[in-house]
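Report on one structure; see the data block that follows.
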Amino acid sequence: MSLLSTPAIVLGSIKLGEADKLVTFFTAKRGKLKGVAKGARRMKSRFGASLEPLTHCNLVVFEKPGDKLARIDQSDIVHSFQKLRENWGEIQLGSHMVHLVQRMTPEAEPNPSIYRLLLEGLTFLENGADRQLSAILFVIRLVAYSGYQPRWDQCLKCRTLLTQPKIYFSSGQGGTVCPKCAEGMERLASISQGTLAFLRASQKMDYTVAHRLKPSPAMRLEIQTLFGQHMTYLTGTPASSWAAESPLLPTRP
Ligand SMILES: [Zn+2]
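Numbering (this note's numbering), first residue to last: 1110 to 1362.
Structural data, given as structure tokens:
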């Protein structure tokens, strides 16, 4: 038996029994975990309110060897992201971020970079950052931190350097290809050299600094298409909507 005390972000919850909740949360120490919160659905429960999706909280979780589900004993709100929840566009994108982390991460595998990214992503949204840019930077990093980082410098097939004016991204192969290798391939998105430069630069920068970049509308569209296809492939969720309010993120199934 062990007691885990950790900061966490609530990813989602479902009803369980009469008054309980099954909560999925992402922790700084242990990655994605699931736990039962007994009595969390009782009227005016502060415990329940602290376990709403997107909430940044401090959890005390009780784990028993052999039990698949932990028990959430205590939860204190660090930040509820109330301001973010009051704005339709922000809450929609915040929910997509949380949903993507849920889909992209295995259980009980520590990934402090993703924990930090989710917290920063939600904080930037709440503070009124350029929504589309925030979404782009979030997805680029989430893919990289999940271990699916494409190479932006050379063709994945023939290894030549990508200096041509227009190159391609293959979501099926998970990387960039030169025009010659792209012939006959399916599921391709085209990328200009300007977009390629943005992708290389934004990944080297700190998340805050990267928000000062100003990609053109054409570059944003290319990145949106490229990562939309890539995320669809990685998560198996169709990207059927490219609405301005949910840039480049797949729609919920
Ligand atoms: Zn090639």
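Heads up, the beta-carbon is just placed ideally off N, CA and C, and yes, glycines get one too.
{"Query": "Through-space distance from E1292 to P1106, alpha-carbon basis", "Result": "The question about residue 1106 has no answer, for the chain in this structure spans 1110 to 1362."}
{"Query": "S1111 vs V1169 beta-carbon contact at 7 angstroms", "Result": "no"}
{"Query": "Alpha carbon of K1130 to alpha carbon of S1204, nearest angstrom", "Result": "19 angstroms"}
{"Query": "Backbone secondary structure at C1290 - three-state DSSP", "Result": "helix"}
{"Query": "Nearest-angstrom beta carbon gap, I1300 and I1276 [assumed within contact, 8 angstroms]", "Result": "5 angstroms"}
{"Query": "Buried versus exposed, by CB contacts within 10 Å (16 or more), P1221", "Result": "exposed"}
{"Query": "Residue closest to Q1302, alpha-carbon to alpha-carbon, out of E1235, F1171, L1270", "Result": "L1270"}
{"Query": "Pick from Y1224, A1128, A1149 that is closest to L1070, judged by C-alpha positions", "Result": "Examination of residue 1070 is not possible in this model, given that the chain is present from 1110 through 1362 alone."}
{"Query": "Cβ shell of L1335 (< 7 angstroms), same chain only, five flanking positions each side left out", "Result": "F1278, A1298, I1300"}
{"Query": "Residue range of the beta strand (DSSP E) that includes L1202", "Result": "Note, L1202: premise wrong, no beta strand (DSSP E); alpha helix (DSSP H) at 1197-1213."}
{"Query": "C-beta atoms of V1132 and C1166 nearer than 7 angstroms", "Result": "no"}
{"Query": "Reference Y1254; option with closest CA among P1274, C1267, L1226", "Result": "L1226"}
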